[in-house]
Amino acid sequence: MEQHELLIRQFYTAFQKRDYAAMQECYHADASFHDPVFQDLNAKQVRAMWQMLLTSSKDLKVSFSDIHIAGDTGTCTWEAWYTFSKTGKPVHNVINASFQFKDGKIFQHHDSFDLWRWSKQALGLSGLLLGWSPMVQNKIRATAKHSLAKFMSAS
Numbered sequence: 001m002e003q004h005e006l007l008i009r010q011f012y013t014a015f016q017k018r019d020y021a022a023m024q025e026c027y028h029a030d031a032s033f034h035d036p037v038f039q040d041l042n043a044k045q046v047r048a049m050w051q052m053l054l055t056s057s058k059d060l061k062v063s064f065s066d067i068h069i070a071g072d073t074g075t076c077t078w079e080a081w082y083t084f085s086k087t088g089k090p091v092h093n094v095i096n097a098s099f100q101f102k103d104g105k106i107f108q109h110h111d112s113f114d115l116w117r118w119s120k121q122a123l124g125l126s127g128l129l130l131g132w133s134p135m136v137q138n139k140i141r142a143t144a145k146h147s148l149a150k151f152m153s154a155s
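As structure tokens, then:
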């Protein structure tokens, strides 16, 4: 099995086991992360994000599949099932991940998913009616950014 594929498998297996320290070890010292909610995180922030998400989730389940590697880049699909803590609503999120590798670690990690689909599940009726709007999506991002900053300052 190719080195980068092993790294992706190691990352998501640690995710399944809720082992944020093992996930953090998969990232390069100068890593970056981006998804529709947590945008443009640096290495310190992405490590803290996974710790925050894993320590706050009570019922997270994760699966991953379709790993493809091409040189120093890779992709995979992963899915998460959990209860959104702010509303108590169940969420099933399907995420397409892309990676750039450097020095045997994840250097750039970009997750993409449908934020409106997520908001319909996590927020219920308000997400269904307004989750597509930039105003609501920016509020989701601002809340996540604030939560991460608060978590990091408490650590």
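The sequence shown: position 105 = 105 (full-length UniProt numbering), numbered continuously.
The C-beta atom is built at its ideal place from N, Cα and C for all residues, glycine as well.
- Taking each of Ala70, Ser85 and Leu7 in turn and checking the Cα distance to aspartate 59, the smallest one comes out for Ser85.
- Taking a C-beta distance under 8 Å as the contact criterion, asparagine 93 and serine 112 do not qualify as a contact pair.
- For tryptophan 118 against valine 91, the beta-carbon gap comes to about 7 Å, under 8 Å, which counts as contact.
- With fewer than 16 other CB atoms across the displayed protein chains lying within 10 angstroms of its CB, alanine 154 is exposed.
- Contact between valine 37 and alanine 144 holds: their C-beta atoms lie close to 5 Å from each other, under 8 Å.
- Per DSSP, reduced to three states, the secondary structure at threonine 55 is helical.
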